[in-house]
Amino acid sequence: MDYKVFRAINQLSGRYSSLDMLMILISKKVRYIFMFVLIFMWFRNDSQKKLTLNAVISAVFTLFIHTLMKCFYFKPRPFIKHRVGILIPSKMDSSFLSKHTLLTFAVSTSIFLHKRIV
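In our numbering, the protein residues as written are -12 to 105.
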């Protein structure tokens, strides 16, 4: 399934230069957007501080679990196993799921669950 989803997305690579540039920009800058959003939420008002703290704790915990998992399990990312064109170079030793994916999911889920409960 990993490869099927990857192939469906990767087939668009190189066809639309504006989409390629957008994906490269998102890939390189998304971590800064998350940091900006968390900083903005922290200074917005006092009720957002607990949410922001939970999101940061979730991200740190996720990175810790990811580091532990890398010690015991490695699954090559789809672009390593299959020869395909990629837009930007990536580490060959990183495992699937990527840190970008894990951090995005951790922070987004923290915010979503908090907003849903409140």
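Just so it is clear, CB atoms sit at the ideal spot from N, CA and C, and this is done for glycine as well.
These numbers come from a predicted model, not from an experiment.
- Three or more beta-carbon pairs drawn from the segment 37 to 56 and the segment 87 to 104 are found closer than 8 Å, and the two stretches are therefore classed as touching.
- Per DSSP, the unbroken alpha helix (DSSP H) holding residue 26 starts and ends at 4 to 31.
- Straight across, the Cα-Cα distance linking residue 74 with residue -8 is about 17 Å.
- Burial check for residue 97: the Cβ neighbour count within 10 Å reaches 16 or more, so the residue is buried.
- Ranked by Cα distance from residue 22, the first of 42, 33, 10 is 42.
- Less than 8 Å separates the beta-carbon of residue 101 from that of residue 38.
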